[in-house]
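> So the sequences go chain by chain: A and B.
For the first sequence, the residue numbers in this note's numbering are 1 to 305.
For the second sequence, the residue numbers in this note's numbering are 1 to 306.
C-beta atoms are modelled at their ideal positions from N, C-alpha and C, and glycine is treated no differently.
These numbers come from a predicted model, not from an experiment.
Pasting in a structure now, in structure tokens, and then I'll have a few things to ask.
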Amino acid sequence: MKNEATVKRITVQGECIGKCESCEKYFDCSLPLKETFQKKGILRMIQANLKGVKHKVIVLGGKGGVGKSMFAVNLAAGLVAQGKTVCILDQVYDCPAIPMMTGVPEGAKLRIGDGGLVPYEAYPGLRVMSTGLILKTTDVIIWYHDMKRNATEELLAATDYGELDYLILDIPAGTSSETVNALKYLPDLDGGVVVTVGSEVSQNVARKCIYILNKANIPVIGVVENMSEAHCSACGRSIAPIQGGAGKRMAESEGVPFMGNIPVSEMISLSLDAGLPFVMSHPDSEESKTVIATSKAVIDFCENK
Amino acid sequence: MEDREILKINIMMKCDYKCEDCEKFFECKDAMKEKMFRRRRMVGAIKKMSGIKYKVAVSAGKGGVGKSLLSVNLATTLAMMGRRVTILDQDLDGSTVPKMFGIQGEKGLRYGSKGLIPATDNLGLGIDVISLGLIYPDEVITLFHQMRRGITEEFVANVDYGERDWLIIDLPPGTSSDSCNLLQYIPDLDGTVVITVSPKVAQLAARKATLLAAKAGSRVLGIVENMSGYVCECGAIHNFLLQGGGESLAKELNVPFLGRIPMDGSLSQAGDLGVPYVYKYPDSLISKKIREVAENIEKMVQEGKE
């Protein structure tokens, strides 16, 4: 056919319109305007608001359903088990699941106090901040980019976190909107943990997470592979619903630490529905061992840098 | 300290007639809506898609429950039934459809005189593929809302679809940006298939996806429960992701339940190898289940047209 050419790229408007907060090129930009943006306004407010928070860690995966929220909840529980006070900040706005996963009773309401929004204390030392505390499970709110950004600003700048050892950010699938917002507003994140599953198809997206952390100058603490091989309780055969190992290979090829496998497990599904992190209910299980080792590695990374 | 309860989130309600940008699009009854919207590229989408008989979206709300897997295998099943199928990958950050067809990095989208020309599968099934992954195989591009809408517009209003029996649309996770953009641009969608996994935490998202489809005026063809049970060689059944959650959600929301798809290692392997599972193992139990779903939804959309 005549008049054909391969589509090589999508054209993006390249000129600066001075709106750093909604710029796609934020991490690539070196204009002086960006520095002004970083020194004034919302970034400053967030920084001031988070001054009682010692360490901030982001859990990301790029792909959906790999276990980001599951991991965030259990990492938090693992940190609590090491004597830390932790707050999970749920940045998933379409369908926030952290409250259910931490057993926050339905109908529990987010409260506002003198210092701002008050996170919900799900377990001693484990707090939760989520839009799931405001919305009903049947509310379908359509969030566009600016609204999500506003919510992120609000949750970061107007929440009374108090004195915290760790703030764990759980972000939704994708490598754009919420991911970029979080990295942009928290340039001093201690690091990110990338959660993936064992299939090759998932690594495309997981790799993008590593690239975006690199772009934002935030260290990669490591990669965790979830839903890995397990053993049949009846015959002991190894079972792998997701043919695995690609998470480890990806970590090796990207030169970042591999932090371990979490086997696929019915116990995990049940613990999430029950709202009790398995690190608390089954601390000696194989699943918990990986997560507890990861939480120790996170502490080591953040506190002994 | 005196605590107060937060009852709702405030959303700006004043209309600025930027319909394509409005969070309240689906609730809006303003007569100007259609007018404003049609003037823009929606009219182009209707024209370009006029040669497609049935348009069905695969949605989930949640990520990683098997939307792309179902989309790819549904498209392949329909193609193996002799239908002409196009698959539109609306997952812009994590497009996996090209990889699942084994054409990632190998084939691209081309410009023709009537718009973008889709890539075709390698198996001779005649499946057309449209995906951002065909333009950007590995780069990370950060896409914000306006750009995402731009790409969706391009994919619905500037593709040379031609005469097709089916358009299967693979929606990304979430019930906002990309899902809504698409539902806005294709108001005459023949239906939405919702896929979910069993745990209650997954139903949080699946419920919202179903409600969103209904809100957007699309018929919910039914719910598929994926990753439902794993059978060990010794015969023991492991319910890693529990069972029955999809069926009970279908009951709760009063929509059809389309069936369960069990877990199987060869499913993810087929995806990695770039050959759709139903093509590689046409006689397996899972392939039969997917064929049942395909036949069921075909019957439903045909009845819907009459």
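#1: Skipping 5 residues on each side, what residues in its chain have a beta carbon closer than 8 Å to that of I237(B)?
#2: Of the choices S177(B), L123(B), G222(B), H145(B), whose alpha-carbon is the least far from that of Y277(B)?
#3: If the cut-off is 7 Å on Cβ atoms, which residues from the stretch 192-224 of chain B count as contacting chain A, listed in chain order?
#4: According to DSSP, simplified to helix, strand and coil, what is H282(A)?
#5: Apart from the five residues on each side of it in sequence, which residues of its chain come closer than 6 Å, Cβ to Cβ, to R127(A)?
#6: From C235(A), P99(A), P241(A), V195(A), pick the residue whose C-alpha is nearest to that of V220(A); which is it?
#7: Determine, using beta carbons only, whether D94(A) comes closer than 9 Å to chain B.
#8: Going by alpha carbons, who is nearest to V104(A) out of G174(A), D273(A), K215(A)?
#9: What span of residues does the alpha helix (DSSP H) with I52(B) cover, start to end?
#10: Evaluate contact between the stretch 31-39 of chain A and the stretch 135-148 of chain A, counting only Cβ atoms and requiring at least three cross-stretch pairs below 8 Å.
#11: With a cut-off of 9 Å, does the C-beta of M1(A) fall near any C-beta of chain B?
#12: Nearest chain A C-beta to T152(B) closer than 9 Å, yes or no?
#13: For G265(B), which residues does DSSP report across the bridge?
#14: For the stretch 109-149 of chain B, list the beta strand (DSSP E) runs that are entirely contained and at least 3 residues long, ordered along the chain.
#15: Run down chain B in chain order and give the residues with a C-beta less than 9 Å from the C-beta of K19(A).
#16: Return the bridge partner residues of H238(B) from the DSSP annotation.
#17: Quick one: what's got a C-beta closer than 6 Å to C232(A)'s C-beta in the same chain, skipping five residues either side?
#18: Go through its chain and collect everything with a Cβ distance to M1(A)'s Cβ below 6 Å, but skip five positions before and after it.
#19: Which residues of the stretch 89-111 of chain B have a Cβ closer than 7 Å to any Cβ of chain A? Give them in chain order.
#20: Checking contacts by CB at 9 Å: is F37(A) closer than that to chain B?
#21: Which chain A residues are close to F144(B), counting only those with a beta carbon under 7 Å from its beta carbon?
#22: Would DSSP call F258(A) helix, strand or coil?
#23: Of the residues that make up the stretch 235-268 of chain A, which ones have a beta carbon closer than 7 Å to any beta carbon in chain B?
#24: Taking the alpha-carbon of Q184(B) as reference, which of V201(B), A31(B), Q243(B), I46(B) has the nearest alpha-carbon?
#25: Residues in the same chain with beta-carbon distance under 6 Å from S179(B), minus the five sequence neighbours each way, listed in chain order, please.
#26: Using 10 angstroms around the beta-carbon of L312(B), count the other beta-carbons present and answer buried if the total reaches 16, otherwise exposed.
#27: Go ahead and pull the three-state DSSP assignment for M129(A).
#28: DSSP on T192(A), reduced to helix/strand/coil?
#29: Of all Cβ atoms in chain A, is any one closer than 9 Å to the Cβ of K305(B)?
#30: Specify the secondary structure class of K2(A) as computed by DSSP and reduced to three states.
#31: I want to see whether chain B comes within less than 9 Å of D173(A), judged by CB atoms only; does it?
#32: Excluding sequence positions up to five away, which residues of its chain have a Cβ less than 7 Å from the Cβ of I58(A)?
#33: Decide yes or no for the touch test of the stretch 20-28 of chain A against the stretch 138-150 of chain B: beta carbon pairs closer than 8 Å, at least 3 of them.
#34: What's the gap between the Cα of Y281(B) and the Cα of V256(A)?
#35: Are the stretch 63-70 of chain A and the stretch 216-230 of chain A touching by the rule of at least three beta carbon pairs closer than 8 Å?
#36: Would you say the stretch 152-169 of chain A touches the stretch 203-212 of chain A, given that touching needs at least three Cβ pairs under 8 Å?
Here's the rundown:
#1: G229, Y230, V231
#2: L123(B)
#3: P199, K200, V201, L204, A205, R207, K208, L211, L212, K215
#4: coil
#5: C87, P119, E121
#6: V195(A)
#7: yes
#8: D273(A)
#9: Element bounds for I52(B): not the alpha helix (DSSP H) but the beta strand (DSSP E), 52-59.
#10: no
#11: Model confidence at M1(A) stands at a pLDDT of 42, short of 50, so the residue's coordinates are unreliable; what they give is reported in the following sentence. So yes, M1(A) belongs to the interface.
#12: no
#13: Beta-bridge pairing links G265(B) to no other residue.
#14: 110-112, 115-117, 128-130
#15: None at all; the shortest Cβ gap to chain B is about 11 Å.
#16: Y230(B)
#17: I239
#18: Below a pLDDT of 50, predicted positions are generally treated as unreliable, and M1(A), at 42, falls in that range; no measurement from the model is reported.
#19: D93, G94, T96, K99, M100, G108, L109, R110, Y111
#20: no
#21: S22, E24, H145, S176, S177
#22: strand
#23: C235, R237, I239, A240, P241, I242, Q243, V264, S265, E266
#24: I46(B)
#25: L171
#26: Outside the modelled stretch of chain B, which goes from 1 to 306, sits residue 312(B), for which no answer is possible.
#27: strand
#28: Per the sequence shown, residue 192(A) should be read as Gly rather than Thr. In this structure, G192(A) counts as strand in the three-state DSSP scheme.
#29: no
#30: Low local confidence applies: a pLDDT of 46 at K2(A) is under 50, so the model's placement there is unreliable, and no value is given.
#31: Checking the sequence shown, residue 173(A) turns out to be Ala, not Asp. Interface residue, yes.
#32: L169, I171, A182, L189, G192
#33: yes
#34: 37 Å
#35: yes
#36: no
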